[in-house]
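Visitor:
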Amino acid sequence: MTSVPSGAGPYVRGLRFLRRRWPVLLRLAAWSVLETGQTFLLGYALARALDDGFLAGRAGAGLAWLAVAAAGVLAGAYGTGRVYGAVAALVEPLRDRLVTHVVTRGVREADDGALSGLTQQVEIARDTFAGLVMVARSFVFTAVGALAGLLSLAPPLLLVVGLPLAAGVALFAVTLRPLARRQAAYLTADEALAARLGALCPGLRDITASGAEERIAADVGQDIDAELRAARSLARFSVLRTGALAVGGHLPAVLLAAATPWLLTQGVTPGALLGALAYITQSLLPALRALIHGLGTSGARLTVVLRRLLPEESDAGSPPDAAGNAGARTPRSPEAAGPRPDPAAPAAPPTPAGSPRAAGPRPGPATPPAPTDSPRTAGPRPDPPPRSAPAPGAPALRLWGVTFSYGPVAAPVVDDLDLVLPTGAHLAVVGPSGAGKSTLTALVAGLLEPGRGVIRVYGEPVPSARAAALRVLLPQEAYVTSATLAENLALLRPDPVPEPELLASADAVGLTPLWERLGGPDAPVDPAALSAGERQLIALARAHLSHAPLVMLDEATCHLDPAAEERAEQAFAERAGGSLVVVAHRISSARRAGRVLVLDGPRTAYGTHDELLARSSLYRDLVGHWTTPSDPAPALRYPDGVDAVAGTGLTGDGRHVVAHRPVGQVQAPGDLRDGSAPGGQG
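In this text, residue positions in the sequence shown follow our numbering: the first is 299, and each later residue adds one.
Structural data, given as structure tokens:
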């Protein structure tokens, strides 16, 4: 396949390859002659055994002709065995050239698809080419042997059988190229859909975090529709392939039966008629069926694979796509699979089945998208939500009669809640597991819609794009991407962030040690290589850099030690004009907050730490539970899912425990058998 002029397609290259190996083709043809003899004797010996033997009362002669037919079968089997050796001598050089080409291209161009080409596509080409050689050779020599036998038995038989056979082969030849194009288009659409899904599945968390489910579903739907159209076109055109088989393989038997009276008047013997029927059913029909199915399906696949492995030399630098178009590449990342959603605040708990969703468009990301010069923002991006400044004099958060339940017959998780949080205030939300703490943050973020009531963030109704731009929500599971540290920190900023500002926020929340260990803002971040606490520090610094004045930490510091948690909360409390809502899991968080909201249905209470100690029995119980010394739980051992928290500098001191399970775990009322619940619930 080398030394082929630029622009030569797979058909031209294939002919050149075969022409250079004419000695192997001659050897293949020589051994195939035995198969021709076997086919010839199958019908001819049967005719002679009937006419000259059994019908003439000479049983011995009939048996002798049958023995000749059996000898032909044995000779044909021997020839077929030698054929495989000749086919191997033809196919293995093709495989060697393809392997050489793939390895050379992979080394020269650093093609990351070379391994797939070497391990899979080359073997597909090798096996498919061998199969095509076998079916094409078998049809040619079988047809020659059968037609020669018909001519020997009676020339009129050649007219009855040969004409429809020729018509069927001609019909198939005419439809071969259009059918191959449709087969290639279907394979291309199918592989494009598989590549799209393969690229998107690792990024499902990104998609959920940025609220881009509907957009991605629409993009994937386009690929599904494209594959459906290609499949329908292929199915409609495949009818012609079935028609070719009917005309060339089945019609001769029908015509033979219909023309029997006329053939008998032309001197055709009963034995010759039986021999002709054997030629049709045992030789021509199977060979034609193998040819049509082999070339119609495997031929198109071979063309696609060869176009990928052997791009036209004029476009050698750019691998072809599935249809052979040079310069195109199948996307291998979520960025290349379609419009990438805007990075936004980490995802809140998923909405349980049957829960109400916000009517109308889904709220946009928490803040405008990352800078357009980021390498992770290739392709079209959705428009950012409008920038919105807090309304003068409006409280940071206001709720009127907010009620929410997970289902029409479920008990309300948040029941007729009224709340006013002034601008600049620091609120801690506490309560037993399942009381609705995480649900409340999701409602304020606009990720859930209340069954009743009104929510406003700085005077803006929730859900709305303007309200979304004024808040940022950090759940327990921190959202970190495989980008540089600077890109991770600037995900919630619409413009490039100067390094001094990045460093200031990193220092404020305690990220500086990790900053230095990674090697600065341009260092790549591998989320899997970071601890849960390190990922939380990155998310905290990102939220600190955002323009959103309202920050909600839904156990977003649970993997930090108390000192690191205090530093992070203090950093948010000191933001100019900023307001802070913390879902607390330690008594220290509640003590630092100016206001505390105790959630527990009808026992919900609101006030300062000292006020609630005086008038809320539930709050006194929680405080007593938090301050009671306990041994650290073994990691991943207790049913409530608690692990020893990391100590100062993210090294374990084993003094405290925190939930390690995802925030989105929600348990229906009545399922808390022993009063405990999964970590992060609510």
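Glycine included, every Cβ here is placed at the ideal spot set by N, Cα and C.
Whole angstroms are fine: how far does the CA of I836 sit from the CA of L809?
Guide: As a first step, residue 809 is located in the sequence shown; it is residue number 511 there, counting from the start. As a first step, residue 836 is located in the sequence shown; it is residue number 538 there, counting from the start. Straight-line Cα distance between these residues: approximately 7 Å.
Visitor: Is the separation between the beta-carbon of V823 and that of L783 shorter than 7 Å?
Guide: By one-based count along the sequence shown, residue 823 stands at place 525. By one-based count along the sequence shown, residue 783 stands at place 485. Result yes, Cβ atoms of V823 and L783 sit closer than 7 Å.
Visitor: Within a Cβ cutoff of 6 Å, which residues of the same chain sit near Q564, ignoring the five residues on either side of it in sequence?
Guide: To locate residue 564, count along the sequence shown from 1; it is residue 266. For Q564, where only same-chain residues beyond five positions count, the Cβ hits under 6 Å are P454.
Visitor: Roughly how many angstroms lie between the CA atoms of L789 and R840, to the nearest whole one?
Guide: The residue you call residue 789 lines up with position 491 of the sequence shown. The residue you call residue 840 lines up with position 542 of the sequence shown. Roughly 7 Å between the two C-alpha positions.
Visitor: Can you find at least 3 beta carbon pairs, one from the segment 842-858 and one from the segment 876-895, that sit closer than 8 Å?
Guide: Result yes; three or more Cβ-Cβ pairs closer than 8 Å.
Visitor: Please classify A903: does DSSP put it in a helix, a strand, or coil?
Guide: The residue labelled residue 903 in the question sits at position 605 within the sequence shown. Strand, per DSSP.
Visitor: Quick check on the burial criterion: 16 or more other C-beta atoms within 10 angstroms. Buried or exposed for A365?
Guide: Position 67 of the sequence shown, counting from 1, holds the residue named residue 365. Exposed, because fewer than 16 other Cβ atoms sit within 10 Å of the Cβ of A365.
Visitor: Rounded to a whole number of angstroms, what is the C-alpha to C-alpha distance between I753 and A765?
Guide: On the sequence shown, position 455 is the one that residue 753 refers to. On the sequence shown, position 467 is the one that residue 765 refers to. Taking the straight line from one Cα to the other gives about 10 Å.
Visitor: How far does the beta strand (DSSP E) with S877 in it extend, from its first residue to its last?
Guide: To locate residue 877, count along the sequence shown from 1; it is residue 579. Taken as a continuous stretch (DSSP letters only), the beta strand (DSSP E) holding S877 covers S877 to V881.
Visitor: Who are the Cβ neighbours of I522 in its own chain at under 8 Å, not counting the five residues just before and after it?
Guide: In the sequence shown, counting from the first residue as 1, residue 522 sits at position 224. Same-chain partners within the cutoff: L491.
Visitor: Tell whether a beta-carbon distance below 7 Å holds between F439 and V389.
Guide: The residue given as residue 439 occupies position 141 in the sequence shown. The residue given as residue 389 occupies position 91 in the sequence shown. No; because the gap between Cβ atoms is not below 7 Å, this pair is not in contact.
Visitor: Put E797 into one of helix, strand or coil per three-state DSSP.
Guide: As a working note, residue 797 is residue 499 in the sequence shown. Helix.
Visitor: Can you tell which of L697, E909, A482 and A866 has the C-alpha that lies nearest to the C-alpha of E758?
Guide: Along the sequence shown, read from residue 1 onward, the residue named residue 758 stands at position 460. Measuring from the Cα of E758, the nearest candidate turns out to be L697.
Visitor: So, at 7 Å on beta carbons, what are the nonlocal neighbours of V711 in its own chain, with the 5 sequence-adjacent residues on each side left out?
Guide: Taking the first residue of the sequence shown as position 1, residue 711 is located at position 413. Counting only Cβ-Cβ distances below 7 Å, and skipping sequence neighbours, we find F702, S703, Y704, G734 and T737.
Visitor: If I follow the unbroken beta strand (DSSP E) through D716, where does it start and stop?
Guide: The residue you call residue 716 lines up with position 418 of the sequence shown. V712 to L719 is the span of the beta strand (DSSP E), which, as asked, contains D716.
Visitor: For V778, name the three-state secondary structure that DSSP assigns.
Guide: In the sequence shown, the residue the question calls residue 778 occupies position 480. V778 falls in the coil class under three-state DSSP.
Visitor: Taking 6 Å as the limit between beta carbons, can you name the residues of its chain near L583, skipping five residues before and five after?
Guide: Walking along the sequence shown from the start, residue 583 turns up at place 285. The residues are G547.
Visitor: For a cutoff of 7 Å on Cβ pairs, would you count A359 as touching chain C?
Guide: Going by chain labels, chain C is absent from the structure shown, which holds only one protein chain.
Visitor: Less than 7 Å separating the beta-carbons of S886 and L843?
Guide: Position 588 of the sequence shown, counted from the first residue, corresponds to residue 886. Position 545 of the sequence shown, counted from the first residue, corresponds to residue 843. No, the pair does not count as a contact, with Cβ atoms beyond the cut-off.
Visitor: Whole-angstrom Cβ separation of G807 and L838, contact assumed at under 8 Å?
Guide: The residue you call residue 807 lines up with position 509 of the sequence shown. The residue you call residue 838 lines up with position 540 of the sequence shown. According to the sequence as given, residue 807 is Val; it is not Gly. Yes, V807 and L838 are in contact; Cβ-Cβ is about 4 Å, under 8 Å.
Visitor: Do three or more CB pairs link the segment 474-481 to the segment 528-542 at distances below 8 Å?
Guide: Yes: at least three Cβ pairs fall under 8 Å.
Visitor: Going by beta-carbon coordinates alone, are V896 and G732 separated by less than 7 Å?
Guide: Residue 896 sits at position 598 when you count from the first residue of the sequence shown. Residue 732 sits at position 434 when you count from the first residue of the sequence shown. It is not a contact, given that the beta carbons lie outside the stated cut-off.
Visitor: Is DSSP giving E864 helix, strand or coil here?
Guide: For the purposes of this step, residue 864 is taken as the residue at position 566 of the sequence shown. E864: helix per DSSP, three-state reduction.
Visitor: From R395 to L323, what does the alpha carbon distance come to, in whole angstroms?
Guide: Position 97 of the sequence shown holds residue 395. Position 25 of the sequence shown holds residue 323. Answer to the nearest angstrom: the Cα atoms are 18 Å apart.
Visitor: Spell out the partners DSSP gives I753 in its beta bridges.
Guide: The sequence position of residue 753 within the sequence shown is 455, counting from 1. Its beta-bridge partners are L697.
Visitor: Please go through the same chain and pick out, in chain order, the residues whose beta-carbon is closer than 6 Å to the beta-carbon of R901, but skip the five residues on each side of it.
Guide: As a position in the sequence shown, residue 901 is number 603, starting the count at 1. Closer than 6 Å at Cβ, skipping near neighbours: L916.
Visitor: Just mark D793 as buried or exposed, buried being the case when its beta carbon has 16 or more other beta carbons within 10 Å.
Guide: Locating residue 793 in the sequence shown gives position 495, where the first residue counts as 1. Exposed is the call here.
Visitor: Answer yes or no: do V257 and P550 have a C-beta to C-beta separation smaller than 7 Å?
Guide: This structure does not reach residue 257, given that the chain is present from 299 up to 980, and the question cannot be answered.
Visitor: Here's a check: name, in chain order, each residue in its chain whose Cβ is nearer than 6 Å to the Cβ of L553, leaving out the five neighbours to either side.
Guide: Translated into the one-based positions of the sequence shown, residue 553 becomes position 255. Closer than 6 Å at the Cβ level, and outside the excluded window around L553, lie V458.
Visitor: Taking the CB atoms as reference points, tell me whether T855 and A866 lie closer together than 7 Å.
Guide: Sequence index remark: in the sequence shown, residue 855 carries index 557 (1-based). Sequence index remark: in the sequence shown, residue 866 carries index 568 (1-based). Result yes, Cβ atoms of T855 and A866 sit closer than 7 Å.
Visitor: Are G447 and Y376 closer than 7 Å when you measure CB to CB?
Guide: Counting from 1 along the sequence shown, the entry for residue 447 is found at position 149. Counting from 1 along the sequence shown, the entry for residue 376 is found at position 78. No.
Visitor: Look at the alpha carbon of V442 and the alpha carbon of T334, and state the distance between them as a whole number of angstroms.
Guide: Residue numbering aside, residue 442 sits at position 144 when the sequence shown is read from its first letter. Residue numbering aside, residue 334 sits at position 36 when the sequence shown is read from its first letter. V442 and T334: Cα-Cα distance of roughly 7 Å.
Visitor: Mind checking which residues open and close the alpha helix (DSSP H) that includes H591?
Guide: If you number the sequence shown from 1, residue 591 lands on position 293. From DSSP, the alpha helix (DSSP H) with H591 extends over L583 to H591.
Visitor: Can you tell me whether P321 is helix, strand or coil according to DSSP?
Guide: Translated into the one-based positions of the sequence shown, residue 321 becomes position 23. Here P321 sits in helix by DSSP.
Visitor: Any chance you could list the beta strand (DSSP E) runs of at least 3 consecutive residues sitting entirely within the segment 363-406, in chain order?
Guide: Segments of the beta strand (DSSP E) lying fully in the segment 363-406: there are none.
Visitor: What are the start and end residues of the beta strand (DSSP E) that includes A726?
Guide: In the sequence shown, the residue the question calls residue 726 occupies position 428. Per DSSP, A726 belongs to the beta strand (DSSP E) from H724 to V728.
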